[in-house]
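Accompanying notes for the structure given below.
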Amino acid sequence: MLNTLLTDYTFQTVALGAALLGLVSGVLGSFAVLRRQSLLGDGVSHAALPGVVAAFLMTGSKNTETLLAGALATGLLGTLLITAITRRSRVKFDSALAIVMSVFFGGGLVLLTLSQRIPNANQAGLNRFIYGQASALLQRDVVLMVLCGVVLLSVILLFWKEFKLLCFDPQYATTLGRSTGFWSLLLSFLTVLAIIIGLQTVGVVLMSAMLITPAVAARLWCRQLWSMVTLSAVFGAVSGVIGTAASSLISQLPTGPTIVICVSAIALVSLFIAPGRGILARALNRSRGRARLVMERRGGHGPID
Amino acid sequence: MAPSTEIQIIAVLISTACALPGAFLVLRRMSMMSDAITHTILLGIVLAFFVTGDLSSPLLIAGAAVIGVLTVWLTELLRRSRLVAEDAAIGTVFPLLFSIAIILISRYAGSAHLDTDSVLLGELAFAPFHRLTVFGVDIGARGIYVGAALLLLNVVVIVLFFKEFKVSTFDPVLAAILGISPTIVYYGLMTLVSVTAVGAFESVGSVLVVAFMIAPPATAYLLTDDLKKLLWISAGIGAATGLVGYRLASLWDVSIAGMMALTAGVIFFLAFALAPHRGLISGSLMRRRRRRDFAAYTLILHLYTHGDGTFSEAELAEQLRWTPSQIDRVCHSLIKAGSLTTLDGRYVLTDAGALRCNELTKTLFTPAAPTESPSHG
Chain A
8 MLNTLLTDYT FQTVALGAAL LGLVSGVLGS FAVLRRQSLL GDGVSHAALP
58 GVVAAFLMTG SKNTETLLAG ALATGLLGTL LITAITRRSR VKFDSALAIV
108 MSVFFGGGLV LLTLSQRIPN ANQAGLNRFI YGQASALLQR DVVLMVLCGV
158 VLLSVILLFW KEFKLLCFDP QYATTLGRST GFWSLLLSFL TVLAIIIGLQ
208 TVGVVLMSAM LITPAVAARL WCRQLWSMVT LSAVFGAVSG VIGTAASSLI
258 SQLPTGPTIV ICVSAIALVS LFIAPGRGIL ARALNRSRGR ARLVMERRGG
308 HGPID
Chain B
8 MAPSTEIQII AVLISTACAL PGAFLVLRRM SMMSDAITHT ILLGIVLAFF
58 VTGDLSSPLL IAGAAVIGVL TVWLTELLRR SRLVAEDAAI GTVFPLLFSI
108 AIILISRYAG SAHLDTDSVL LGELAFAPFH RLTVFGVDIG ARGIYVGAAL
158 LLLNVVVIVL FFKEFKVSTF DPVLAAILGI SPTIVYYGLM TLVSVTAVGA
208 FESVGSVLVV AFMIAPPATA YLLTDDLKKL LWISAGIGAA TGLVGYRLAS
258 LWDVSIAGMM ALTAGVIFFL AFALAPHRGL ISGSLMRRRR RRDFAAYTLI
308 LHLYTHGDGT FSEAELAEQL RWTPSQIDRV CHSLIKAGSL TTLDGRYVLT
358 DAGALRCNEL TKTLFTPAAP TESPSHG
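Top to bottom, those sequences are chains A and B. The opening position of the first sequence corresponds to residue 8 in my numbering, with each subsequent residue numbered one higher. The opening position of the second sequence corresponds to residue 8 in my numbering, with each subsequent residue numbered one higher.
So this is what it looks like as structure tokens:
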């Protein structure tokens, strides 16, 4: 059964797409998690909905490229608004994020009801952006993902030093004369792009998990940025492939949620067994320390009580 | 009652009820917890549905509220382990629970009328079709009673425990000293948020509950510093959101809940731009005024302290490193204020200007400590 699956064309396409998505979002997610902006992904993916529908309303086409361009536009607009609100008022990041994502999503629903009124235009093609539909991935969608992925990864590699500095010591970056505002915005834009290409595979709600969870898992194993980013990408890609395989082998198992469960399982296991920082390692360390203390009390000073 | 009246009443009740607990989420910087809870209650509804097999059972609300609190507890657990930051903890827990819910629905509840669409998106226009009947008598739309119960619950809890909520929100340590357990208040608030979210999602959909919980209090936060006023303003904006949103939606024949969320957003951005003291416009006006004052002080103090007190425009441009147009502008306003005049094409301080500089040097350069802070001998 596995053999027939591996040679199946649709499976190959979808698995490749899911793996790419996991890889790219794993890389970008590492930076988001380190910068304490994990939930930005959730906000941006919701903010993309009105863009998708507006692009459809304006052009009348359901081309993936057109719809994703719309999503990119409103996703970026949402990011800029969140930044403007937090910079220019006392409203905090979390509230700004919650407002922008829910209001944009509401706007998207309003536009969706408008689009239903257009004759001969069922919204089947638009709904896949809310819930994601990995099985509907076409070869050209995957080609688009590859292109975006290559661009994203090369920009990250090109400005690796700047992004690293931004994550760990933005004040130092400012004293070096680097414009942190610019790099921070560039990194946010890259994250938006990664989210947009993932939307049609896993949908609005679960896209944030693809960003955060692999990075959270990788953070537990690593102490260096490059190893964390690599491991996070591997976790993302592996979950993408396993999730796709599981959902093709078992009937009525939606791909997006299955991928999320895979990556969450990796994170949960890491939480326990990660060396040094994991729950088991810490418990072991603590009991060793306690044993050593008891030994010292007995051997060195005799019974204290 | 006409269906449109019923829809308006439900819209106002729900959006007002959401705004009240939302105020505390905004103040505690936990707005995104509402997003997590509104998603995971789907799992509670699914599980309770498997137990009862009935979509209108009150057990569904209980199940959803339990899962809402469970979400908060799991997030706290993850954060407490200090292995994961708070925002990442939220973002790890809720997609997992939500994924489990979606898988359960698509595998086991395919035949039931339980679809993710109605939970995530909601449709207020259908609310009048769900009637509440007592002894066979139709006493109105179910949503009205749900909304009224939610509003009443929120008002009663917040009025009764106002002091506890207030102290533990602003000063958890003081709360603990006073014998108010911050943990109990925290989970109490989260239960309130969960119950409100469950009651509201039926009408407006879970994603938009976030808009009604967060946008009105955040708007009020731009307008006041007083918790009581904040709650009143939030409730008022919530009610206005419901009314205006409904009117606009029926005018353009679009999604009511979506239009309500959009209205809440527009009200927020109006406050963001126009709020007195804290808005974008008043803020930038204030910054501009300060910049202008600073330039004027710099210029007259330069004249006052350097040389014989007369400078040509070119000299000022060189010494202050300002552009000629900048110097023109500052000097012009100073001449209008009577601090400066021109003599043979050179700028000279007037007597009033010199007096002003004298005062400025006193206020700006004298250490203020002995006069301003009360001395203790």
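Ideal Cβ positions, reconstructed from N, Cα and C, are used throughout, including at glycine.
is_contact[residue i, chain B] using C-beta, thresh 8 Å
i                 : result
Gln-259 (chain A) : yes
Val-59 (chain A)  : no
Thr-251 (chain A) : no
Val-248 (chain A) : no
Ser-234 (chain A) : no
Leu-116 (chain A) : yes
Ile-125 (chain A) : no
Arg-304 (chain A) : no
Cutoff 7 Å; reference residue i; Cβ partners in own chain excluding five residues on either side
i                 : result
Val-59 (chain A)  : Leu-74, Gly-77, Ala-78, Leu-133, Phe-136
Phe-279 (chain B) : Leu-229, Gly-286, Leu-287
Phe-279 (chain A) : Gly-285, Ile-286, Leu-287
Pro-261 (chain A) : Ser-254
Leu-88 (chain A)  : Val-107
Leu-41 (chain A)  : Cys-174
Ser-238 (chain A) : In the sequence as presented, Ser is not what sits at residue 238 (chain A); that position holds Leu. These residues qualify, in order along the chain: Ala-225, Trp-228, Cys-229.
Within-8 Å CB hit, residue i to chain A
i                 : result
Arg-285 (chain B) : yes
Ser-390 (chain B) : For residue 390 (chain B) there is no data in the structure shown, the boundaries of chain B being 8 and 384.
Ile-14 (chain B)  : no
Val-217 (chain B) : yes
Met-293 (chain B) : no
Asp-233 (chain B) : no
Tyr-228 (chain B) : yes
Ala-247 (chain B) : no
Leu-103 (chain B) : yes
Ser-201 (chain B) : no
Val-261 (chain B) : yes
Thr-99 (chain B)  : yes
Leu-27 (chain B)  : no
Phe-279 (chain B) : yes
Asp-94 (chain B)  : yes
Buried or exposed (CB count within 10 angstroms, at least 16 for buried), residue i
i                 : result
Ser-319 (chain B) : exposed
Met-37 (chain B)  : buried
Pro-223 (chain B) : buried
Ser-210 (chain B) : buried
Tyr-253 (chain B) : buried
Ser-22 (chain B)  : buried
Pro-10 (chain B)  : exposed
Asp-15 (chain A)  : exposed
Thr-220 (chain A) : buried
Own chain residues within Cβ distance below 6 Å of residue i, not counting five before or after
i                 : result
Gly-156 (chain A) : Leu-27, Val-31
Val-236 (chain A) : Val-34, Ser-37
Thr-348 (chain B) : Val-355, Thr-357
Ile-97 (chain B)  : Met-39, Ala-43, Thr-82
Gly-384 (chain B) : Low per-residue confidence applies at Gly-384 (chain B): pLDDT is 40, beneath 50, and the placement is therefore not dependable enough to give any value.
Ala-227 (chain B) : Leu-237, Ile-240, Ser-241
Pick from the options that is closest to residue i, judged by C-alpha positions
i                 : options                                    : result
Leu-3 (chain A)   : A:Thr-17, A:Thr-20, A:Ser-37, A:Arg-94     : One cannot answer for residue 3 (chain A) here, as it falls past the ends of chain A, which runs 8 to 312.
Arg-446 (chain B) : A:Thr-17, A:Gly-285, A:Leu-193             : Since the first residue shown for chain B is 8 and the last is 384, residue 446 (chain B) is missing from the structure and cannot be characterised.
Trp-329 (chain B) : B:Arg-254, B:Leu-306, B:Glu-209            : B:Leu-306
Ala-225 (chain A) : A:Arg-304, A:Leu-183, A:Arg-185, A:Ala-274 : A:Ala-274
Ile-268 (chain A) : A:Val-40, A:Leu-256, A:Val-276, A:Gly-250  : A:Gly-250
Ala-324 (chain B) : B:Arg-353, B:Leu-347, B:Ile-342            : B:Arg-353
Leu-50 (chain B)  : B:Thr-78, B:Val-33, B:Asp-61               : B:Thr-78
Cys-25 (chain B)  : B:Ile-112, B:Thr-176, B:Thr-47, B:Met-197  : B:Met-197
Val-270 (chain A) : A:Ser-215, A:Gln-259, A:Ser-294            : A:Ser-215
Val-337 (chain B) : B:Cys-364, B:Ala-303, B:Lys-235            : B:Ala-303
Ala-39 (chain A)  : A:Arg-295, A:Thr-208, A:Ile-202            : A:Ile-202
Leu-218 (chain A) : A:Ser-122, A:Val-199, A:Leu-291, A:Leu-165 : A:Val-199
Same chain, Cβ closer than 8 Å to residue i, five either side skipped, listed in chain order
i                 : result
Glu-13 (chain B)  : Ala-134, Pro-135, Gly-147, Ala-148, Gly-150, Ile-151
Leu-104 (chain A) : Leu-46, Leu-47, Asp-49, Gly-50, Ile-89
Ala-92 (chain B)  : Arg-86
beta-carbon residue i near the ligand PLP non-hydrogen atom, thresh 7 Å
i                 : result
His-137 (chain B) : As far as ligands go, the structure on display features none, and thus does not contain the ligand PLP.
Contained beta strand (DSSP E) runs [length at least 3] in the region 218–271 of chain B, N- to C-terminal order: None, since the region 218–271 of chain B contains no complete beta strand (DSSP E) of that length.
Taking the runs of the alpha helix (DSSP H) that are 4 residues or longer, which of them lie wholly in the region 14–44 of chain A? Runs of the alpha helix (DSSP H) lying entirely within the region 14–44 of chain A and spanning at least 4 residues, in chain order: 16–41.
Note down, one range per segment and in chain order, each alpha helix (DSSP H) of at least 4 residues found wholly within the region 234–272 of chain A. If we require 4 residues or more, the region 234–272 of chain A turns out to have no alpha helix (DSSP H) run fully inside it.
Report the residues of the region 205–222 of chain A with a CB closer than 7 Å to any CB of chain E, ordered along the chain. Among the chains of the structure shown, chain E does not appear; the protein chains present are A and B.
Taking only runs of the alpha helix (DSSP H) that begin and end inside the region 159–188 of chain A, which ones reach a length of at least 4 residues, in chain order? Listed in chain order, they are 167–175, 177–182.
Taking the runs of the alpha helix (DSSP H) that are 4 residues or longer, which of them lie wholly in the region 29–90 of chain B? With a minimum length of 4 residues, the continuous alpha helix (DSSP H) runs that stay inside the region 29–90 of chain B are 38–59, 66–87.
Just list the alpha helix (DSSP H) runs in the region 284–354 of chain B, keeping only unbroken ones of 4 residues or longer that don't cross its boundaries, in chain order. Taken in chain order, the unbroken stretches of alpha helix (DSSP H) that lie wholly in the region 284–354 of chain B and span 4 residues or more are 287–312, 320–327, 331–344.
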